[in-house]
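To convert, take the position in the sequence shown, counting from 1, and add 279; that gives this note's numbering. Glycine is no exception: its CB is placed at the ideal position from the N, C-alpha and C atoms. Note that this is a predicted model, so its numbers are computed, not measured.
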Amino acid sequence: MTTKERYGGIIEWFSQNMPTAESELQYNNPFQLLVAVILSAQCTDKRVNMTTPALFEAYPTPQALAAATAEEIFPYIRSISYPNNKAKNLAAMARQLCEKFNGQVPSDIDSLMTLSGVGRKTANVVGAVIWGKEVMPVDTHVFRVSARIGLTKGAKTPLQTELQLEKNIPSHLLPIAHHWLILHGRYVCTARNPKCKECGISRWCKSYKAVQ
């Protein structure tokens, strides 16, 4: 099977069987999504969604969060992974939003990456989800699933995975393809004990073919 055939089959299956795929993070505006994605690093969306309601009630705007100290933010996110660092990043990020962007979350990926706590993946997620940017955010699920099913080859970093996926997936599908791969990795192609018998794309999966 060629790479083109594998991509074609997988994309067609997801297009037909998962025409709607969205972030499982709960948010009401770009600011809330940005905060949630920062918190989600090395943490489950489920845990983030349990944490953010009280945080957003206390700090509903960038201005409100910018006025808080990391020590004041910490109690709201103590159940999140790395709460000390994330509290510091949230406080600094909110101040930067107010000082550099008039309290508005920028739509430009490079501008987003100037904010504290915002790396390439976080910036790409916000860009793809809010503004439909044709980018491929790579988290642990996307990285693992892409390699396992054979969409990427020899990729050792998230950036290498991102570039290979962007090369082979039609650009207009990148924002939803990101969610296809995340949700597939979260519920079907799990890190341990993947549910191959339930998998709709097993016929194109490089790893599944190898164990048959």
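A224 versus E336: straight-line alpha-carbon distance, rounded
This structure cannot settle anything about residue 224, because the visible part of the chain is limited to 280 through 491.
CA-to-CA distance, L430 to E441, given in whole angstroms
Counted from its first residue, the sequence shown places residue 441 at position 162. Counted from its first residue, the sequence shown places residue 430 at position 151. Approximately 11 Å between the Cα atoms of the pair.
Say whether the segment 410-427 touches the segment 450-461, bearing in mind that this needs 3 or more beta-carbon pairs closer than 8 Å, one atom from each stretch.
yes
What is the DSSP secondary structure of L430, reduced to helix, strand or coil?
Position 151 of the sequence shown, counted from the start, is the residue given in the question as residue 430. Correct three-state label for L430: coil.
With the cut-off set at 9 Å, would you say N368 and I388 are in Cβ contact?
Here residue 368 is taken as the residue at index 89 of the sequence shown, counted from 1. Here residue 388 is taken as the residue at index 109 of the sequence shown, counted from 1. Against a cut-off of 9 Å, the Cβ pair of I388 and N368 comes out as no contact.
Element boundaries [alpha helix (DSSP H), containing R482]:
Position 203 of the sequence shown, counted from the start, is the residue given in the question as residue 482. Run containing R482: none; DSSP gives neither H nor E here.
Buried or exposed for M280, going by 16 or more other Cβ atoms inside 10 Å?
By one-based count along the sequence shown, residue 280 stands at place 1. It is exposed - the Cβ of M280 has fewer than 16 other Cβ atoms within 10 Å.
For G396, I'd like the list of residues in its chain whose CB is within less than 6 Å of its CB, leaving aside the five on either flank, ordered along the chain.
What you label residue 396 is simply residue 117 of the sequence shown in a count that begins at 1. If we look at G396 and ignore the five residues flanking it on each side, its Cβ neighbours are I317, N368, M372.
Residues near T348 in its chain [Cβ-Cβ closer than 8 Å; skip 5 each side]
Reading the sequence shown from its first residue, position 69 is the one you call residue 348. So the qualifying residues of the chain are A370.
Given a cut-off of 9 Å on the beta-carbon distance, is the pair L312 and S302 in contact?
Residue numbering aside, residue 312 sits at position 33 when the sequence shown is read from its first letter. Residue numbering aside, residue 302 sits at position 23 when the sequence shown is read from its first letter. Yes, the Cβ-Cβ distance between L312 and S302 is below 9 Å.
Taking only the alpha-carbon atoms, compute the straight-line gap between C475 and S319 and give it to the nearest angstrom.
For the purposes of this step, residue 475 is taken as the residue at position 196 of the sequence shown. For the purposes of this step, residue 319 is taken as the residue at position 40 of the sequence shown. Straight-line Cα distance between these residues: approximately 27 Å.
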